[in-house]
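Everything in the sequence shown is counted per our numbering, starting at 10 for the first residue and increasing by one. Beta carbons: idealized from backbone N, C-alpha and C, even for Gly. In this text the structure is predicted, and so the values were computed from the model without any measurement.
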Amino acid sequence: MTSDTDTPSLWSALREMPTNVWRSIFRNPLPSSDLGRAQTSFSNFFLHLHPAKVHQHTLRPGYTLGLGLMSLFLFILLAVTGVLLMFYYVPSTAQAYDRMLDLRGSVAFGTFLRNMHRWAAHGMVAVVFLHMCRVFLTGAYKAPREFNWVLGVVLFLLTLFSSFTGYLLPWDQLAFWAITVGTAIAGYAPVVGQQVRFLLLGDYTVGQEALLRFYVLHVAVLPLALTGVVVIHFWRIRKDGGLSRPDDQPAAPATDPAMPVPLTASVGGQRTFGLMGFVRGPFTKVGNVPDNTRWSWPDLFIAELFVFVVTLAALMVVSLLFGAPLEEPVNVLHPPNPAKAPWYFLGLQELVSYSAFWGGVGIPTVEVLLLLLVPYIDRGKQGVGRWFAKERLLANTLFLTLAFLNVVLIVIGTFFRGPNWAFVSPW
Ligand code: HEM
């Protein structure tokens, strides 16, 4: 170190450069006191979104499974890789497919970038769905979190729609026919179905107008909407008192056999407390609960960093091992048989094969309405903050049955349907 009056030599400036650069960004050393831990949360732009302390139940990995955070990190990774892809992509039916080939053939890390974007999109649909299941199965949608659950349902729909709009952009056979089938499902709605379809496609068939609309929805409208709703989702978590958890049990009074029993009495069934000035021994404060909180710095932040690293590493490994599909360029005269919607809509397509109205409109509408209304129908306060609480057996069984049926339909549509939507064996 040099004193204030010394002119530091070039050598000492170089030697101290890492420390000086670090200090110019982070003005305070890593905190070692409680005040410092609190200040770290308050004074950092990103960390101040968190409370200075969180309940220790929130930090249990087995409670949230990190699924909400994973959803967020996948969304951020999608935004980053998506912006990089925008440097190459052109939303024109004449160029889109060629740009995909360029990405594969002549852009450094182009294939890897596209793989990451593609698998993160599929991953986000799956992880957001699993996060919704965890929230339901721990009863976390109950008061005061009802509205945050409703926001969650909106996030789930926005996630599905974001993935769906991205599906068209490579402009290959897979994209073209998946969107043709997907938007046909929307067209089954009575009265407004065809108008909705026209609004989406900007035409009667999937073509240049549809590509442009899907592009604008995919890169601007839906990400902005998702960002806005995610921010409110997080703000609500703070306002609802942090994550759900079982009620804290009052602390057992500290007992010291040498001390007299606290002055408490019962008047008409009500517990009363004596003047504490007269009590020599330990006493139980009214509403006394043990301090079950932990400083966000470092416990919460390290847990978050861990989830981020795991998410990023898993995505990179999958993207190195598996290539995102790119089929032949669009050929409107040669539909594949069967033409399938994206996998998350294949359950609906399976239902459409039985009844266009029920598969395309009736059942999805009822499911979304049920999801939106569930916290306002199920008003009991029992079993919040615990997985598979006995008190919530009925609600959990109904939810799991519905979720399971949806998954089974998706599996049938994906693996067991062949030409002309006939049953085939996947083996
Ligand atoms: C883009 C999608 C989403 C993101 C980024 C997101 C993010 C998060 C995060 C980070 C948490 C706190 C940690 C955790 O619980 O894992 C959380 C909690 C919560 N989320 Fe989400 N979420 C999304 C979608 C959903 C969906 C689809 C639902 C339900 C339909 C939902 C309902 C809730 C509720 C009610 C909480 C509070 C849970 C509690 O108090 O235990 N979220 N979300």
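Three-state secondary structure assigned by DSSP to residue i
i: residue 200; result: coil
i: residue 215; result: coil
i: residue 181; result: strand
i: residue 428; result: helix
i: residue 161; result: helix
i: residue 227; result: helix
i: residue 102; result: coil
i: residue 436; result: coil
i: residue 258; result: coil
i: residue 29; result: helix
i: residue 70; result: helix
i: residue 57; result: helix
Cβ-heavy atom distance, residue i to ligand 1, below 7 angstroms
i: residue 150; result: yes
i: residue 84; result: yes
i: residue 342; result: no
i: residue 49; result: no
i: residue 168; result: yes
i: residue 246; result: yes
i: residue 58; result: no
i: residue 101; result: no
i: residue 131; result: no
i: residue 64; result: no
i: residue 127; result: no
i: residue 154; result: yes
i: residue 252; result: yes
C-alpha distance - residue i paired with residue j, whole-angstrom precision
i: residue 319; j: residue 16; result: 47 angstroms
i: residue 190; j: residue 348; result: 7 angstroms
i: residue 363; j: residue 314; result: 47 angstroms
i: residue 159; j: residue 32; result: 43 angstroms
i: residue 421; j: residue 237; result: 35 angstroms
i: residue 129; j: residue 259; result: 44 angstroms
i: residue 412; j: residue 301; result: 34 angstroms
i: residue 140; j: residue 25; result: 46 angstroms
i: residue 91; j: residue 178; result: 12 angstroms
i: residue 434; j: residue 361; result: 20 angstroms
i: residue 428; j: residue 343; result: 14 angstroms
i: residue 382; j: residue 78; result: 25 angstroms
i: residue 216; j: residue 356; result: 26 angstroms
Residue range of the unbroken alpha helix (DSSP H) whose run includes residue i
i: residue 128; result: 119-146
i: residue 248; result: 231-248
i: residue 75; result: Unbroken run through residue 75: none, as it is neither H nor E.
i: residue 393; result: Run containing residue 393: none; DSSP gives neither H nor E here.
i: residue 385; result: 372-386
i: residue 313; result: 310-330
i: residue 359; result: 355-361
Where the beta strand (DSSP E) containing residue i begins and where it ends
i: residue 303; result: 302-304
Opposing strand residues paired with residue i [DSSP bridges]
i: residue 63; result: 303
i: residue 338; result: 181
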